[in-house]
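Participant:
There are 2 protein chains.
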Amino acid sequence: MSNELKYAVFGSGSWATAIVKMLCENQAEVGWYMRSVYAKEHLIKEQHNPSYLSSVEFRLEQLKLSNDINEIANYADVLIFVIPSAFIYSELEKLTVDITNKTVVSAIKGIIPETGLLLGEHFHDTYNVPFENIAVIAGPCHAEEVALERLSYLTISCDDATKAQYIANALSSDYIKTKISDDVIGTEYAVMLKNIYAIAAGIAHGLGYGDNFQSVLMSNAIREMKRFIKKKHKMKRNINNSAYLGDLLVTGYSLFSRNRMFGNMIGKGYTVKSAQMEMSMVAEGYYATKSAYLINQNNKKKTKIHIIDTVYNILYQGKDPKKEFIKLADKLD
Amino acid sequence: MSNELKYAVFGSGSWATAIVKMLCENQAEVGWYMRSVYAKEHLIKEQHNPSYLSSVEFRLEQLKLSNDINEIANYADVLIFVIPSAFIYSELEKLTVDITNKTVVSAIKGIIPETGLLLGEHFHDTYNVPFENIAVIAGPCHAEEVALERLSYLTISCDDATKAQYIANALSSDYIKTKISDDVIGTEYAVMLKNIYAIAAGIAHGLGYGDNFQSVLMSNAIREMKRFIKKKHKMKRNINNSAYLGDLLVTGYSLFSRNRMFGNMIGKGYTVKSAQMEMSMVAEGYYATKSAYLINQNNKKKTKIHIIDTVYNILYQGKDPKKEFIKLADKLD
Numbered sequence: 030m031s032n033e034l035k036y037a038v039f040g041s042g043s044w045a046t047a048i049v050k051m052l053c054e055n056q057a058e059v060g061w062y063m064r065s066v067y068a069k070e071h072l073i074k075e076q077h078n079p080s081y082l083s084s085v086e087f088r089l090e091q092l093k094l095s096n097d098i099n100e101i102a103n104y105a106d107v108l109i110f111v112i113p114s115a116f117i118y119s120e121l122e123k124l125t126v127d128i129t130n131k132t133v134v135s136a137i138k139g140i141i142p143e144t145g146l147l148l149g150e151h152f153h154d155t156y157n158v159p160f161e162n163i164a165v166i167a168g169p170c171h172a173e174e175v176a177l178e179r180l181s182y183l184t185i186s187c188d189d190a191t192k193a194q195y196i197a198n199a200l201s202s203d204y205i206k207t208k209i210s211d212d213v214i215g216t217e218y219a220v221m222l223k224n225i226y227a228i229a230a231g232i233a234h235g236l237g238y239g240d241n242f243q244s245v246l247m248s249n250a251i252r253e254m255k256r257f258i259k260k261k262h263k264m265k266r267n268i269n270n271s272a273y274l275g276d277l278l279v280t281g282y283s284l285f286s287r288n289r290m291f292g293n294m295i296g297k298g299y300t301v302k303s304a305q306m307e308m309s310m311v312a313e314g315y316y317a318t319k320s321a322y323l324i325n326q327n328n329k330k331k332t333k334i335h336i337i338d339t340v341y342n343i344l345y346q347g348k349d350p351k352k353e354f355i356k357l358a359d360k361l362d
Numbered sequence: 030m031s032n033e034l035k036y037a038v039f040g041s042g043s044w045a046t047a048i049v050k051m052l053c054e055n056q057a058e059v060g061w062y063m064r065s066v067y068a069k070e071h072l073i074k075e076q077h078n079p080s081y082l083s084s085v086e087f088r089l090e091q092l093k094l095s096n097d098i099n100e101i102a103n104y105a106d107v108l109i110f111v112i113p114s115a116f117i118y119s120e121l122e123k124l125t126v127d128i129t130n131k132t133v134v135s136a137i138k139g140i141i142p143e144t145g146l147l148l149g150e151h152f153h154d155t156y157n158v159p160f161e162n163i164a165v166i167a168g169p170c171h172a173e174e175v176a177l178e179r180l181s182y183l184t185i186s187c188d189d190a191t192k193a194q195y196i197a198n199a200l201s202s203d204y205i206k207t208k209i210s211d212d213v214i215g216t217e218y219a220v221m222l223k224n225i226y227a228i229a230a231g232i233a234h235g236l237g238y239g240d241n242f243q244s245v246l247m248s249n250a251i252r253e254m255k256r257f258i259k260k261k262h263k264m265k266r267n268i269n270n271s272a273y274l275g276d277l278l279v280t281g282y283s284l285f286s287r288n289r290m291f292g293n294m295i296g297k298g299y300t301v302k303s304a305q306m307e308m309s310m311v312a313e314g315y316y317a318t319k320s321a322y323l324i325n326q327n328n329k330k331k332t333k334i335h336i337i338d339t340v341y342n343i344l345y346q347g348k349d350p351k352k353e354f355i356k357l358a359d360k361l362d
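Following this line, the structure appears as structure tokens:
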């Protein structure tokens with residue numbers, strides 16, 4: 030069954046490009062929607078993405094490329110969305126094809142800022158996609174290492190284990206190991222929250238805190254993540270599995286992480302605006318911070334989320350990073 | 030009460046030197062036993078340890094230095110042992126003073142290789158020190174960052190919370206935050222096990238595995254550590270607290286880590302012997318690997334400890350790191 034399904038990726042950033050690469054290891058043809066006409070033309074001419082993971086060469090006969098989101102949505106059975114959360118809402122406004130019976134996979138790393146919804150929730154509400162047709166791809170997996178074919182692990186979450194497994198199979202290869210999970214909501218929140226903690230790690234580094242502090246921060250972060258997710262979706266989950274803790278660590282510790290880099294600039298004294306201007310890529314955690322803060326505000330009983338609150342105060346309330354981290358340090362243990 | 034107690038540190042490595050520095054922030058006088066006559070003479074002449082953390086200046090009038098272990102054991106009420114596990118057994122053979130009523134604190138990072146016992150167990154068996162007089166200092170805390178006065182967190186474990194608290198107070202300062210715990214055995218095992226995982230992280234790095242793999246390795250390591258400790262001492266503990274997870278991360282990810290460095294050399298193709306000769310410091314994890322492996326072998330029902338087994342096979346069975354890690358990678362998730 031899985032062999033006959035058609036897969037498509039929506040997005041043209043580094044993570045989208047990495048997922049197309051993974052699928053190309055197994056699929057005869059992969060659909061690929063990219064908004065930019067230039068990116069598509071470049072790909073056709075040069076066989077690689079002009080801006081992201083440009084070392085990865087594609088065989089054009091394996092790709093069904095289009096700038097028309099509906100053409101690709103129509104083409105595929107499994108639609109994998111990898112558009113930055115800041116742009117997903119407006120991109121999806123173009124989507125008019127009936128996708129009720131298709132499988133929708135979220136590989137975005139945040140919440141839709143306009144609605145505060147997870148991607149799965151958005152598809153359920155707007156397109157009547159049943160929850161058993163919604164899946165999530167989680168790391169720990171930096172796209173840059175997929176390009177280098179360095180061994181990486183993915184977790185595919187879906188309420189329907191059969192679907193999770195065929196998506197997992199479609200992504201598996203010599204350098205990609207997969208596992209499946211039934212914690213769709215938890216995985217999607219984890220993917221989003223880790224970016225906030227990566228910003229916190231970056232700020233700490235920028236302020237001059239060392240490795241000892243960093244490890245305490247991460248140890249508090251995973252406990253905070255566990256509390257946050259439990260409030261949204263209570264179920265038995267081991268927060269130390271790779272999809273949660275692993276993903277937090279790769280983002281919090283890696284030099285590839287854009288969120289950590291963004292935080293580092295804030296810690297070093299850049300304003301939010303100037304740090305954003307310096308960076309050509311969107312730091313997802315910036316939007317995630319506000320979403321997570323608001324979600325907790327709207328909880329009937331709030332959870333203790335000292336790290337998220339601290340990042341929120343710095344990014345959105347103009348508070349001084351140094352003073353905020355001195356207060357935070359007293360709350361960590 | 031705590032103010033009147035006399036503290037002493039036994040050992041002259043970097044962690045011992047860091048603990049003396051912490052105590053000097055609070056205590057009028059600190060006892061310090063060091064085996065080396067040269068180190069003591071150098072300290073008296075130059076006010077710093079000749080070999081470790083030599084940037085840290087001491088005020089001599091605050092130190093009671095001696096090369097006689099019994100003199101210092103006699104002098105102090107709280108004895109903090111920071112001697113590498115490979116040498117602790119022979120060092121302790123010199124100890125003849127009655128220490129039954131003193132508080133014995135372990136800051137060693139391993140098991141006594143000759144006996145397979147934790148330091149606390151050794152003091153209980155050999156010197157009749159009651160368990161409520163035995164405490165453990167755990168990180169995450171690289172000595173090098175203490176020297177730089179970078180904010181760090183310690184956990185002091187003791188069955189007797191009052192004792193844990195006064196030791197914590199004696200170590201606390203502007204740059205050292207402390208918490209207490211009653212999980213003496215769990216903390217001591219965690220301190221030992223993390224060094225094995227740091228070797229594994231180093232081997233992976235040396236073999237060319239990337240950040241994605243590293244985070245999966247750490248996520249598996251903390252689950253393995255939880256299982257291992259639970260077998261030895263079942264109690265309610267949050268393995269994600271700083272003393273366990275934080276300490277694992279600082280050791281597994283930090284460039285300061287000697288164990289990671291040792292592993293890295295093994296991964297790059299050094300033999301165990303040549304890697305040990307290259308390094309002037311003892312990699313505690315080397316001894317810990319054998320101890321942990323044997324402890325699990327002696328468990329009635331073995332725990333799955335794939336990472337420890339892998340490191341054991343490489344360090345003690347002469348197995349090829351590359352092949353062993355390919356096998357390990359299949360067992361991680």
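In order, the protein sequence lines correspond to chains A and B. Start counting the first sequence at 30; every next residue gets the next number (the working numbering). Start counting the second sequence at 30; every next residue gets the next number (the working numbering). Beta carbons are placed, not taken as given, at the ideal position from N, Cα and C, and that holds for glycine.
So is R266/A in contact with chain B if we call contact Cβ pairs under 9 Å?
Facilitator: Here the question's residue 266/A lines up with position 237 in the first sequence. Not an interface residue.
Participant: Check the Cβ of V245/B against every Cβ in chain A and list those closer than 7 Å, keeping chain order.
Facilitator: If you number the second sequence from 1, residue 245/B lands on position 216. By Cβ distance, chain A contributes P169, Y182, S271 and G275.
Participant: Rank K206/A, K131/A and T125/A by C-alpha distance to the C-alpha of L180/A and give the top, closest one.
Facilitator: Counting from 1 along the first sequence, the entry for residue 180/A is found at position 151. Comparing Cα positions, the closest option is K206/A.
Participant: Let me confirm a value: F39/B is counted as buried when at least 16 other C-beta atoms fall within 10 Å, else exposed. Which label applies?
Facilitator: Here the question's residue 39/B lines up with position 10 in the second sequence. Classification of F39/B: buried, given that the 10 Å Cβ count is 16 or more.
Participant: Looking only at C-alpha atoms, which of I251/A, A272/A and K330/A sits nearest to T216/A?
Facilitator: Counted from its first residue, the first sequence places residue 216/A at position 187. With distances taken between Cα atoms, T216/A lies closest to A272/A.
Participant: If you drop the 5 nearest sequence neighbours on each side, which residues of the same chain put their C-beta closer than 6 Å to that of Y182/A?
Facilitator: Looking up residue 182/A in the first sequence gives position 153. Contacts found: K206 and S271.
Participant: Does the stretch 307 to 315 of chain B come close enough to the stretch 224 to 238 of chain B that 3 or more CB-CB pairs lie under 8 Å?
Facilitator: yes
Participant: What is the rounded straight-line gap between the Cα of Q243/B and the Cα of H234/B?
Facilitator: As a first step, residue 243/B must be located in the second sequence, where it is residue number 214. As a first step, residue 234/B must be located in the second sequence, where it is residue number 205. So the alpha carbons of these two residues sit roughly 8 Å apart.
Participant: Could you give the distance in angstroms between the alpha-carbon of I295/B and the alpha-carbon of K329/B?
Facilitator: As a working note, residue 295/B is residue 266 in the second sequence. As a working note, residue 329/B is residue 300 in the second sequence. Spanning the two alpha carbons is a distance of roughly 32 Å.
Participant: Throw me the rounded Cβ distance for the N55/B and A199/B pair, which I believe falls under 8 Å.
Facilitator: If you number the second sequence from 1, residue 55/B lands on position 26. If you number the second sequence from 1, residue 199/B lands on position 170. Taking a contact as a CB-CB distance under 8 Å, the pair N55/B and A199/B counts as one, their CB atoms being some 5 Å apart.
Participant: Would you kindly work out how many angstroms separate the C-alpha atoms of Q194/B and N269/A, rounded to a whole number?
Facilitator: Mapped onto the second sequence, residue 194/B falls at position 165. Mapped onto the first sequence, residue 269/A falls at position 240. Rounded to the nearest angstrom, the gap between the Cα atoms of Q194/B and N269/A is 30 Å.
Participant: Taking S95/B as the reference, give the member of D338/B, M63/B and S202/B with the closest Cα.
Facilitator: As a first step, residue 95/B is located in the second sequence; it is residue number 66 there, counting from the start. Cα-wise, what sits closest to S95/B is M63/B.
Participant: Given that E353/A touches chain B, what residues does it touch there, using C-beta distances under 7 Å?
Facilitator: Locating residue 353/A in the first sequence gives position 324, where the first residue counts as 1. Chain B residues near E353/A: none, gap ~14 Å exceeds 7 Å.
Participant: So I387/A and A164/A are supposed to be a Cβ contact under 8 Å. How far apart are they, rounded?
Facilitator: Coverage of chain A is limited to positions 30 through 362, which leaves residue 387/A absent and any answer about it impossible.
Participant: Between the stretch 118 to 136 of chain B and the stretch 78 to 93 of chain B, can you find at least three pairs of beta-carbon atoms closer than 8 Å?
Facilitator: Three or more beta-carbon pairs separated by less than 8 Å are not found between the stretch 78 to 93 of chain B and the stretch 118 to 136 of chain B, which leaves the two stretches without contact.
Participant: Sorted by chain position, which residues of the same chain lie with C-beta nearer than 7 Å to T332/B's C-beta, five sequence neighbours on each side aside?
Facilitator: Counting from one through the second sequence, the residue named residue 332/B turns up at place 303. Cβ neighbours of T332/B beyond the five flanking positions: R256, F257, K260 and N325.
Participant: Which value, in whole angstroms, describes the spacing of the CA atoms of V85/A and Q76/B?
Facilitator: Counting from one through the first sequence, the residue named residue 85/A turns up at place 56. Counting from one through the second sequence, the residue named residue 76/B turns up at place 47. Answer to the nearest angstrom: the Cα atoms are 57 Å apart.
Participant: Anyone know if the C-beta pair for N224/A and L361/A falls short of 9 Å?
Facilitator: For the purposes of this step, residue 224/A is taken as the residue at position 195 of the first sequence. For the purposes of this step, residue 361/A is taken as the residue at position 332 of the first sequence. Cβ atoms of N224/A and L361/A: not closer than 9 Å.
Participant: Run through the DSSP bridge pairs and tell me what Y36/B is partnered with.
Facilitator: By 1-based counting over the second sequence, the position of residue 36/B is 7. Partner(s): V59/B and V107/B.
Participant: Between P169/B and D276/B, is the Cβ-Cβ spacing less than 9 Å?
Facilitator: Residue mapping note: residue 169/B aligns to position 140 of the second sequence, counting from 1. Residue mapping note: residue 276/B aligns to position 247 of the second sequence, counting from 1. Going by C-beta atoms, P169/B is nearer than 9 Å to D276/B.
Participant: With distances taken Cα to Cα, identify the nearest neighbour of M24/B among H151/B, F116/B, D211/B and L236/B.
Facilitator: Outside the shown range of chain B, which is 30 to 362, sits residue 24/B, and nothing can be said about it.
Participant: Determine the direct distance from the alpha carbon of A37/A to that of S31/A, and round the result to whole angstroms.
Facilitator: Position 2 of the first sequence holds residue 31/A. Position 8 of the first sequence holds residue 37/A. In this predicted model, S31/A has a pLDDT of only 49, less than 50, meaning its place in the structure is not dependable enough to derive any value.
Participant: Along chain A, in chain order, which residues have C-beta atoms closer than 8 Å to that of I251/B?
Facilitator: Counting from one through the second sequence, the residue named residue 251/B turns up at place 222. N269 and L274, listed in chain order.
Participant: Quick check on A321/A: does DSSP put it in helix, strand or coil?
Facilitator: By one-based count along the first sequence, residue 321/A stands at place 292. Note: A321/A maps to helix in three-state DSSP.
Participant: Just grab the DSSP bridge partners of Y182/A for me.
Facilitator: Residue numbering aside, residue 182/A sits at position 153 when the first sequence is read from its first letter. Paired residues: K206/A.
Participant: What three-state label does DSSP hand C53/B in the structure shown?
Facilitator: The residue labelled residue 53/B in the question sits at position 24 within the second sequence. It is helical.
Participant: CB-CB under 7 Å to N157/B, same chain, minus the five flanking residues each way: which ones, in chain order?
Facilitator: Against the second sequence, residue 157/B aligns to sequence position 128. Cβ within range, chain order: T129.
Participant: Using a Cβ-Cβ cut-off of 9 Å, state whether G292/A counts as contacting chain B.
Facilitator: Here residue 292/A corresponds to residue number 263 of the first sequence, with the count starting at 1. Cβ-Cβ to chain B under 9 Å: no for G292/A.
Participant: Pull up the DSSP beta-bridge partners for S309/B, would you.
Facilitator: Within the second sequence, the letter at position 280 stands for residue 309/B. According to DSSP, residue pairing for S309/B in a beta bridge does not occur.
Participant: Hey, out of L148/A, K35/A, V301/A and A190/A, whose CA is closest to Y118/A's CA?
Facilitator: Position 89 of the first sequence, counted from the start, is the residue given in the question as residue 118/A. If we check each option's Cα against that of Y118/A, L148/A comes out closest.
Participant: Sort H153/A, M308/A, M221/A and S186/A by Cα distance to M254/A and report the nearest one.
Facilitator: As a working note, residue 254/A is residue 225 in the first sequence. Among H153/A, M308/A, M221/A and S186/A, the Cα nearest to that of M254/A is on M221/A.
Participant: Between D349/A and chain B, is there a C-beta pair that is closer than 9 Å?
Facilitator: For the purposes of this step, residue 349/A is identified with residue 320 of the first sequence, where counting begins at 1. Closer than 9 Å: no.
Participant: Quick one: grab the DSSP three-state call for I228/A.
Facilitator: Start at 1 with the first residue of the first sequence, and residue 228/A comes out as number 199. If DSSP states are grouped into helix, strand and coil, I228/A belongs with the helices.
Participant: For the alpha helix (DSSP H) containing T339/B, name the first residue and the last one.
Facilitator: If you number the second sequence from 1, residue 339/B lands on position 310. Here the alpha helix (DSSP H) through T339/B covers H335 to Y345.
Participant: Could you check whether the Cβ of A358/A sits closer than 9 Å to any Cβ belonging to chain B?
Facilitator: Locating residue 358/A in the first sequence gives position 329, counting from the first residue. So yes, A358/A belongs to the interface.
Participant: How long is the line joining the alpha carbons of D154/A and T144/A, rounded to whole angstroms?
Facilitator: Against the first sequence, residue 154/A aligns to sequence position 125. Against the first sequence, residue 144/A aligns to sequence position 115. The alpha-carbon atoms of D154/A and T144/A are separated by roughly 11 Å.
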